[in-house]
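Residue numbers (our numbering): 2 to 374.
Yeah, the Cβ is synthetic: ideal placement off N, Cα and C, and Gly gets one too.
Written out below as C-alpha cells is the structure these notes cover.
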Amino acid sequence: MQTGTPNGRAERPRPTLLKGDDAVPRGLAVASAVTLRLAIVVGGVVLVAMGAARMMLVVLPVIVAVLLTTLLTPAFRWLLARRQPPALAAGLAVLGAVLVFFGLWALIIPGVLSQSDDLFRNLQEGAGQAVGVLEPIGVGRADVDRAIDEGLSSVRGAAIANEVLTGAVLLTQWAAGIVLIVVLTFFFLKDGERLWGWVVELFHEDRQPMLREVGVRSWAALSAYVQGVFLVATIDAVLIGAALLIVGVPVAMPLIVLTFVAAFFPIVGALVAGAAAVLVALVANGLGAALAILVVIIAVQQLEGNVFYPVVVGRKLRLHPVGILLALTAGGVLAGVVGAFLAVPIAAVTAAVLQYTRERREARQASAVLSPP
C-alpha cells in the first residue's frame, strides 16, 4: 500500500526488518554469509575427496586413464591424420604406451630394486656427514640418525607387511587396475568426445554451451600440464642423470628414476630428489663431486623454472607457488602420495574453470554497461 506525501508523490513502503537485523553491522553479516558458503564448499570438497579415497581402486584407474589420454592424444591425432580408423589409431597409441611402460620396467626397475639398499645406506651416511651444518642450532647426529632409522624402518616395515600379508591380493588388484587403465584409455581416446557430449546432454539446453566451454578449457589445461610435466621430467632426468654418470655416482639409475618421478610433485619433489642426489654424491665421491652435482641441479632447476615451463607448458597454467604448495599439502593429507600426485592437475583444472567464470562475469558486466535496460 502506498501512502501520500506533502508533495503529492507516492511513498514506497520500506522493507520490513527482522528483529535484531539493525544490530548486526553489514560487514559482519556479509562476512558470516561468505564464511558459511565457504564452509559448505570446503566440506563438500572434503567429502568428495574422502569418498574418492574409499573407492580408490575405481577412481584411480579412471583418473590415470584420463591423464594418459591427454598424453597420448597427439599420437592418436597424428594417426588419424594418416587416415587410420579411430579404433586402430587408439589401439596403436595404447599399445605403444604399454610396450614403452613394460620395456622401461624390464630395463630400469630391476636395477633400481637391486640398488635400493645401497641408495638407502648412502642417504643415511650422507645425512650423517651433512649433520654438522645443523649442530649449531641444536640438531645432533643422534637426532638425525634416529629420524632416518625411523623413516626407513617404517617404509621397509610397511613394504614387508604388505608383501607378507596381502601380497597376492595387491598383485591381483594391481593387475586388474592396469587392465582397467588400458581399456579406459583406449575408449577415452576413441570415443572421448562422444562420451563428453553424452554427459553434457544430461543438463538443460541453456547450460550446455557453458559446459562445453568448461570442458574445452579444462581439457586444454590438463593436457598442457601433463604433456609439459612429462617432457620437463624427461629433460630433468636426462640432464641430471648425465651429470651423475659423468661424476661416477654408483647408484645413478635409482636417482635418475627418482628425479623423473619427483618432477610430478612440483617444488617439493625437486627438493627431495636434489637432496638425495647431493647426499649420495657426498658419500660416494666426496665433497667436490657433491658440490658439482649441486651446481648442476640448481642450473637445471633454473632452466626448468625460466625456460622449460614457460616454453613447454606455456601461459595456460597460472598457478602461484603458494597455491601449488597448498594443493600438494591438501592432497597429501586427504589421500597420501596419490592425492599429492593428483593435487596439481586438479588445481590446474580448477584454475581454468575459475578463469572462465571470471571472463563470463566480466563479459556480462561489459554488456550491461554498453546496453543498459
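Burial state of Glu360, where buried means 16 or more other Cβ atoms lie within 10 Å: exposed
Spatial distance of Leu72 from Val227 (CA atoms): 6 Å
Where the alpha helix (DSSP H) containing Pro62 begins and where it ends: 57 to 82
In chain order, each alpha helix (DSSP H) run of at least 4 residues that lies wholly inside the stretch 176 to 252: 209 to 248
Residue span of the alpha helix (DSSP H) that contains Asp298, given as start and end: Note on identity: in this sequence residue 298 is Ile, with Asp being the wrong assignment. Unbroken alpha helix (DSSP H) run through Ile298: 288 to 304.
Proximity below 7 Å, CB of Gln302 to CB of Ala271: yes
Best match in Ile247, Gly333, Gln366, Ala264 for proximity to Val297 [C-alpha to C-alpha]: Ile247
Proximity to Ala244 [Cα-Cα], best of Asn286, Ile347, Asp192, Val338: Asn286
Same chain, Cβ closer than 6 Å to Ile182, neighbours up to 5 away in sequence not counted: Pro62, Val65, Ala66
DSSP state of Ile347 mapped onto helix, strand, coil: helix
C-beta atoms of Ala344 and Ala328 nearer than 7 Å: yes
Three-state secondary structure (DSSP) of Ala264: coil
Cut-off 6 Å between Cβ atoms - residues of its own chain near Gly242, not counting five sequence neighbours on either side: Ile257
Backbone CA spacing between Val95 and Ala263 [nearest angstrom]: 24 Å
Counted within 10 angstroms of its Cβ, other Cβ atoms place Ile294 as buried (16 or more) or exposed: buried
Buried or exposed by the 16-neighbour rule on C-beta atoms within 10 Å, applied to Ile41: exposed
Secondary structure of Pro1, DSSP reduced to three states: For residue 1 there is no data in the structure shown, the boundaries of the chain being 2 and 374.
Contact belief for Phe261 with Ala238 at Cβ below 8 Å, rounded distance in angstroms: 4 Å
Distance between beta carbons of Pro346 and Ala80, contact taken as under 8 Å: Looking at the sequence itself, residue 80 is Leu, so the reference to Ala does not match. In fact, because the Cβ distance is near 25 Å, the residues do not count as touching under 8 Å.
Best match in Ala336, Pro86, Thr358, Phe77 for proximity to Leu48 [C-alpha to C-alpha]: Ala336
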